[in-house]
Amino acid sequence: MKLIKIAKILAVISGLILYFIMSVNQFFLYFEMFALLILNGIRIFEQRKNVVMPNCSKQQISLKVKHAKH
């Protein structure tokens, strides 16, 4: 989640700077499309990371299994 928040903040800051430098057509072509792709890529990466490594550690899972056997 932290990576997504940092990427969004950087995208907004760079977008505001480029908005005043570029024309509307150039802004959409060179910034907005790439920003959307990058942010969605980071979001997919974070979701896959959460699926592969959920919040429970292996030690907690093994303790739950031991308690369930007793």
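The C-terminal residue of the sequence shown carries number 231 in our numbering, and the numbering is unbroken.
Note that beta-carbon positions come from the ideal geometry of N, C-alpha and C, so glycine has one too.
Please read all numbers here as calculations on a predicted model, not as lab measurements.
Are the Cβ atoms of F192 and L171 separated by less than 8 Å? no
When the Cα atoms are used, what is the spatial distance from I167 to I174? 11 Å
DSSP state of M183, grouped into three classes? coil
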